[in-house]
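Protein chains: 4
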Amino acid sequence: MTTSSIPQINVGLIGGGFMGKAHSLAYAAMPMFFWPAPAIPVRHTIAEVNEGLARTAAERFGFQNSTGDWRRVIEDPNIHVVDIATPNNSHAEIAIAAAQAGKHILCEKPLAPTVAEAKAMLGAVRRAGVVHMVAFNYRRTPAVALARKYIEEGRIGRVLSFRGTYLQDWSADPSGPLSWRFQKDIAGSGTLGDIGTHVVDLARYLVGEISAVNAMMHTYIHERPLQSGGADKLGASDKNASGPKGKVDVDDEVLTLLRFENGAVGSLEATRNAWGRNNYITFEIHGTEGTIFFNYERRDELQVFFNSDPADARGLRTVYTGPAHPYGEGLWPIPALGIGYGETKIIEAYDFFRAVTEGTAVRPNFEDGYKTELIADAIVRSAQQRREVEVEPVTV
Amino acid sequence: MTTSSIPQINVGLIGGGFMGKAHSLAYAAMPMFFWPAPAIPVRHTIAEVNEGLARTAAERFGFQNSTGDWRRVIEDPNIHVVDIATPNNSHAEIAIAAAQAGKHILCEKPLAPTVAEAKAMLGAVRRAGVVHMVAFNYRRTPAVALARKYIEEGRIGRVLSFRGTYLQDWSADPSGPLSWRFQKDIAGSGTLGDIGTHVVDLARYLVGEISAVNAMMHTYIHERPLQSGGADKLGASDKNASGPKGKVDVDDEVLTLLRFENGAVGSLEATRNAWGRNNYITFEIHGTEGTIFFNYERRDELQVFFNSDPADARGLRTVYTGPAHPYGEGLWPIPALGIGYGETKIIEAYDFFRAVTEGTAVRPNFEDGYKTELIADAIVRSAQQRREVEVEPVTV
Amino acid sequence: MTTSSIPQINVGLIGGGFMGKAHSLAYAAMPMFFWPAPAIPVRHTIAEVNEGLARTAAERFGFQNSTGDWRRVIEDPNIHVVDIATPNNSHAEIAIAAAQAGKHILCEKPLAPTVAEAKAMLGAVRRAGVVHMVAFNYRRTPAVALARKYIEEGRIGRVLSFRGTYLQDWSADPSGPLSWRFQKDIAGSGTLGDIGTHVVDLARYLVGEISAVNAMMHTYIHERPLQSGGADKLGASDKNASGPKGKVDVDDEVLTLLRFENGAVGSLEATRNAWGRNNYITFEIHGTEGTIFFNYERRDELQVFFNSDPADARGLRTVYTGPAHPYGEGLWPIPALGIGYGETKIIEAYDFFRAVTEGTAVRPNFEDGYKTELIADAIVRSAQQRREVEVEPVTV
Amino acid sequence: MTTSSIPQINVGLIGGGFMGKAHSLAYAAMPMFFWPAPAIPVRHTIAEVNEGLARTAAERFGFQNSTGDWRRVIEDPNIHVVDIATPNNSHAEIAIAAAQAGKHILCEKPLAPTVAEAKAMLGAVRRAGVVHMVAFNYRRTPAVALARKYIEEGRIGRVLSFRGTYLQDWSADPSGPLSWRFQKDIAGSGTLGDIGTHVVDLARYLVGEISAVNAMMHTYIHERPLQSGGADKLGASDKNASGPKGKVDVDDEVLTLLRFENGAVGSLEATRNAWGRNNYITFEIHGTEGTIFFNYERRDELQVFFNSDPADARGLRTVYTGPAHPYGEGLWPIPALGIGYGETKIIEAYDFFRAVTEGTAVRPNFEDGYKTELIADAIVRSAQQRREVEVEPVTV
């Protein structure tokens, strides 16, 4: 019964896990929030590892069709957008196939477990001329977008330094199972790729390109119980904890200093072994005229200090994002009604579909994802060599 | 292509404003979060004040049909659930008609602007035997449900006192327009009905029945610019601020002491004139063995103190709700990914549809809504008489 | 070896408990902080209940002389200032004698356990023409003085409402002993006089005179173990907890609404039964142009919101007091080095000695102490009568 | 009139600036707080750069005698303790002379601007057999001592990582004058020695010896107005800001990774150019069984997480230090009355005089100060070489 001129765009989603859920929510909710919407995403087909799982996922996530073979999504000429929400080591194969089929692509992060794959993916989407985005969704937190706005408008002056963290605790328990996230051949790296790259993305978004790093990496728990089932339940103790164990070959902690091209300096800490920290993505940015602090666990808020305030009334103020801030008109009518994880994905979908239908640029794209891999690669080399190393240049 | 045994339930939604958006999101998202879902809500028909608005709302919110006359929803035999998301003074007429038509009803809060209407609504749903719920959604914040769990399990002992607030600032600007929320004949009351009743509902949910109140009510801004358009944009300055003004005849602030049937005491403050407070719903509960504190602006968190902790390690701890807490298995896989406003409505829908399909009881229902009106009525009388007054009993 | 013109003022201190310690610290430290000092307080004589205790107190607190009879202090012509730091029921007798002897007086709070005594004390100091001060020291927290400055300068506009709390937990344990603080004949009242009056003083200081109150008072724990020793160790469990018990005849909790002469409204909660709250003196003040929030547990900080801030950067800012704020030049060289309890008493001494040597007015004085008793009296009557009652006028 | 057996110890204080004030307060207050006191410190003689300043300092800080020549203090046989509160480049000369004269020594931090001087100082006090302490006072914050207690008792398990910061903003304004703190020949280094060494001390105190570092250092503001007067007013804009400028040859920011001997890793950031951070000394320590977080700006509080808490009630708890915690019996009777900067120095004096009179060991001593210089030296070399370097061993 659609009578408006808003285009309907058919989406094929590959992967029905936690990320599949988040993306499905975004497709359903985006036009509810941003209206007139750039497009009405149609949940056309969902792919899972077998037909049964796919059928259930379709009912749960509101898709019209399901398939046990992701190649059916690529081959379907009615599908305009391919959304890749699978483990890291399958991103490249799927994305390159989708690009060759002319699909626009939204790919979960990190882009790929290796620099080589990320580079190949960027080459593929460039050759195909399709829209491409990598889902570093935390850029889309309204408070993070507000931080970027303040910086771009010069309101904290020139950036001097950046300190970022991403701390979780779901892997602090040694009885947690050896899921794919602890296996280098699937995940590529551990904490670094899983969550550290989110901070790298935020640093690049807010401060600029990173030229060199100086890092330490550490594994705290060297073996874990072999997993009884296939699920990726973060942090749950495995029922087979007393059974056989397998080797963890990825990092539990990464610490690095950062040198930016524009002269700023900084640091980054990421670990999933920080008891009591849940999704503790924080950054503090010092500028010549002010300071910004953000903590995702209190993501409705951005703290900002302006040195131009009156001498007797200067302090970090806590701004609750709402209609007066980036994306606010589309979200909730007053601040603090509540930004959840879903909203970051709804905004991501909004920007992605604007790019698809309006031809606008969208970031972070596969080039950003590739650059992040180059930085992650430099961090690994630096930690091995115990010295500062430069980030390799883009060569696509 | 549904193959499972999960029932599809057709919903008719009346009202396409902010609340229509929130409810539509809940219908789309509920099965994505809670799986197997008690039902798949089908967005069947949406009603707005005219056909054009209704058609746009249908496209935006994903409804199959639209109508400019809410009675079409009531009359449609294919619709099982009527969802009332209109201004307060229309709730009774719609709800009573829906009950007579045998529809299950989800009604926005406050139930009605007068005690008499609330009573009539309760009578109607009781006679019809339908499922009924009033949308005091803040009960569904996981941290609030966790507070209730702690109290029920005796973990803070016997409750001694309750202090609740609901503070906003969108009406602090005197150039904000004279919307229906400032008009007694539509809204019934001002701050009290709009937001104060949410705290009353939380007090009843967490502590128990309120037997007497002792209140002050105050209007700070006595006239406001007549509204140029029909929209209910909270807090926006009106472009016609220099034009003609109309009289505000509702309260801007309500303060009351509370006496509970179980012997506990307490207080409540609600105002929409508190600069810098956005959706500052807080409660602090002192028990014989501990304390609970909650602030909705940081709704992922519940603070709790147990006097049984070791003497050198006692303090309010900040619990981030997640899979280990009420509703957590259905929400996000780790704490602090983020509970937003949407999640409270998604959980509300989940509990409502469980009641519809499984025959379980659901609270808060129309009796709760009616009791809340009796308490609001006592607050008004107490403020007029400047003395403690008892809450009238339920007489349905 | 003093060569400057700064006068030395001899102080006689009566009472060597917790308050004696705090005042002794203030006398020693005041010139170190505020220089040139208005006076050098000389710790001349300390009185305790017997000669032995007095001698130890003199050595500990740095006094030149000691006595087991407080009348010796009053009679000594070399003593200029009498400092009363004894239980409440002895304040009147000592203060009236000191006034008659022409001493300037600093008296601990509350001024007296009854209105009649407070009135007599005010009469006595007025007749004697001496400087008098009541030690509601929390006014002297720099952040509180800053709040007052903001309000006086109109920076949050006209005050609309005030919400104050004073929560502690040292009496939450029913095995805590029946000290004098739980006995009406010594303390006058319980929570109300002990800590509630501090909030009354802050409300008067920040907002203005209180014209009417509407209160509830409650006793949670009705009997306690008889005390084994004489000490006033707040909150410690008594070793004789299993022995005989005595009756508590004072309030554990007071809740009241407030009506101010200038039209503002407010509320106050005080209890010593709030687990996890230690010295939780808070106030929130809403004005037509902004909001102020203070929590003594984080006393270096004042939170303030100005509605004149840019639309995209409005929020409660956290101001750390320092050299740019009231009393800051005399305290520490940068903010957040740390304001402790001692600093509030050092500032109190500074203002008191300025009044003594420079003839400036000092507040809060005995009239303030008397007014606070009139308000406390109204709170008691209101709670008994369950209605709003007006505060009696000053009749000295 | 002292009749007890508590010894009186004569103190000679060299330096009457901010630190002279803090130490004088500590000498006056220590017996008031800790009773029976290990000693009664007698403020015997204060030395300043000339007789006039010294005389004023004596009156202000309560010393019996004054001198314009610090050597008079060393030579006075009646003085038992020499307290060095002068700029960094004079510490070695004074301390070595005092040691040779057999005085016990309390020396402000950092111990000396160079490793060589620090080493000579340690040699001197060892040869003399006197008690020696370096005033890294933040160890004496009760919450920091509580953190140490938790770690020693194994309550957060084995330490995995440490993240420390010391952020201030008093040098962020480029019009602040070129005080001695910006001159390498007097201060030795900038941020690193001034505040970074405090974090190094805390890291060693809480986690253990540091074996290697990997650092960046940065100067943000390369020249500043020549100073008009001699005072060390932190952060004040100079009135001569438009006049001639001089070169800053010290660091404004230091960032370093840390490798501990026990296998833990960590990082440290220190800068005085962080707008809005005042005395932001923080540390977060992750252990195998819990987490600790501390922020000196809220120094009454320690946050701690224990993974042994019930699954539905785990979170960082905020412990307010009081009588149940280290040093608490001597401080204030309930938590949150307020720990200020003074209390850290009062406790420092308490531990120092215990060592002097009871022969107990005291830390941090000159060996700790020397080790801290070795670490600072390694940080400088690492930043120059852009690689990890090992800390040199102690060679006294």
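Going line by line, the protein sequences match chains V, W, E and A.
Number 396 marks the last residue of the first sequence (full-length UniProt numbering); no jumps.
Number 396 marks the last residue of the second sequence (full-length UniProt numbering); no jumps.
Number 396 marks the last residue of the third sequence (full-length UniProt numbering); no jumps.
Number 396 marks the last residue of the fourth sequence (full-length UniProt numbering); no jumps.
Idealized CB from N, CA, C, for every residue including glycine.
Keep in mind the model is a prediction, meaning the values are calculated, not measured.
Worksheet item: Is any beta-carbon of chain E found at less than 8 Å from that of A:P174?
Response: no
Worksheet item: For V:P7 versus V:L146, is the C-beta spacing smaller than 8 Å?
Response: no
Discussion item. Taking the alpha-carbon of V:T360 as reference, which of V:H132, V:R72, V:T288, V:R387 has the nearest alpha-carbon?
Written reply: V:H132
Discussion item. Would you call the region 29-45 of chain A in contact with the region 40-60 of chain E, where contact means no fewer than 3 C-beta pairs closer than 8 Å?
Written reply: yes
Worksheet item: Listed in chain order, which residues of the region 323-355 of chain E have Cβ atoms closer than 7 Å to some Cβ of chain A?
Response: W332, P333, I334, P335, A336, L337, G338, I339, G340, Y341, G342, E343
Worksheet item: Any beta-carbon of chain V closer than 8 Å to the one on E:T318?
Response: yes
Worksheet item: What residue does the alpha helix (DSSP H) around E:T141 start on, and which one ends it?
Response: Counting along the chain, E:T141 falls outside any alpha helix (DSSP H), and DSSP gives it neither H nor E.
Fill in: Own chain partners of A:R148 with C-beta closer than 7 Å, once the 5 adjacent residues on each side are dropped
Y205, L206
Fill in: Selected residue, minimal CA-CA separation from W:L202, among W:I74, W:M217, W:R140
W:R140
Fill in: Contact set between A:A274 and chain V, taken where Cβ atoms lie within less than 7 Å
H286, T291
Worksheet item: When burial is assigned at 16 or more other CB atoms within 10 Å of the CB, is W:A80 buried or exposed?
Response: Reading off the sequence shown, one finds His at residue 80 of chain W, where the question assumed Ala. With 16 or more other Cβ atoms within 10 Å, it is buried.
Worksheet entry | Listed by chain order, chain E residues near A:F18 by CB distance under 7 Å | P333
Discussion item. Let me check one thing: in DSSP terms, what residues is W:F162 bridge-paired to?
Written reply: W:G266, W:I285
Worksheet entry | Contacts around W:A274, its chain only, beta-carbon distance under 6 Å, and the 5 residues preceding and following it disregarded | L167, D169
Discussion item. For E:D201, report the span of its beta strand (DSSP E) as first-last.
Written reply: Counting along the chain, E:D201 falls outside any beta strand (DSSP E), though it belongs to the alpha helix (DSSP H) covering 197-206.
Item to complete: For chain A, find out if any of its Cβ atoms is closer than 8 Å to the Cβ of W:A143; answer yes or no.
Response: no
Discussion item. Between A:V115, A:V49, A:P77, which has its C-alpha nearest A:E367's C-alpha?
Written reply: A:V115
Worksheet item: Taking Cβ to Cβ, would you say E:D76 is nearer than 8 Å to E:A47?
Response: no
Worksheet item: How many angstroms separate the CA atom of W:M1 from the CA atom of V:Y27?
Response: Since pLDDT at W:M1 reaches only 46, below the 50 mark, its modelled position is unreliable, and the value read off the structure follows with that caveat. Taking the straight line joining both Cα atoms gives about 19 Å.
Worksheet item: Where does V:P31 sit, in a helix, a strand or coil, going by DSSP?
Response: helix
Practice prompt. Give the interface partners of E:V304 over in chain V, defined as CB-CB distance under 7 Å, in chain order.
Written response: A313
Discussion item. Going by DSSP in three states, V:A212 sits in which element: helix, strand or coil?
Written reply: strand
Item to complete: Return the chain-ordered list of same chain residues with a C-beta closer than 6 Å to the C-beta of E:K345, the five sequence neighbours on each side being excluded.
Response: A22, A26, N137
Worksheet item: How is the beta strand (DSSP E) around A:H104 delimited, first residue to last?
Response: 104-107
Practice prompt. Look up E:F136 in the DSSP assignment and say whether it is helix, strand or coil.
Written response: coil
Discussion item. Using only the alpha-carbon positions, how far apart do W:R298 and W:R277 sit?
Written reply: 12 Å
Worksheet item: Would you say E:M217 and E:A378 are within 8 Å of each other, going by their C-beta atoms?
Response: no
Discussion item. Taking only three categories from DSSP, how would you classify W:H218?
Written reply: strand
Worksheet item: Can you tell me whether E:D185 is buried or exposed, with buried defined as 16 or more other CB within 10 angstroms of its CB?
Response: exposed
Worksheet item: If you scan the region 303-390 of chain E from start to end, which runs of the beta strand (DSSP E) of 3 or more residues do you find wholly inside it?
Response: 316-320
Item to complete: For my contact list, A:T282 and A:F305 are in at a C-beta cut-off of 8 Å; report their separation, rounded to the angstrom.
Response: Contact flag wrong, Cβ pair sits at about 16 Å.
Practice prompt. Measure the beta-carbon distance from V:I339 to W:G338 and round it to whole angstroms, keeping in mind my assumption that it falls under 8 Å.
Written response: 7 Å
Fill in: Cβ of V:W35 within 8 Å of any chain W Cβ
yes
Worksheet item: If you check the beta carbons only, do V:I105 and V:A97 fall under 8 Å apart?
Response: no
Worksheet item: Name the chain W residues whose beta carbon is nearer than 7 Å to that of E:E269?
Response: R163, S267
Worksheet item: Using DSSP with H/G/I as helix, E/B as strand and the rest coil, what is residue 398 of chain A?
Response: There is simply no residue 398 of chain A to check, as chain A begins at 1 and stops at 396 in what is shown.
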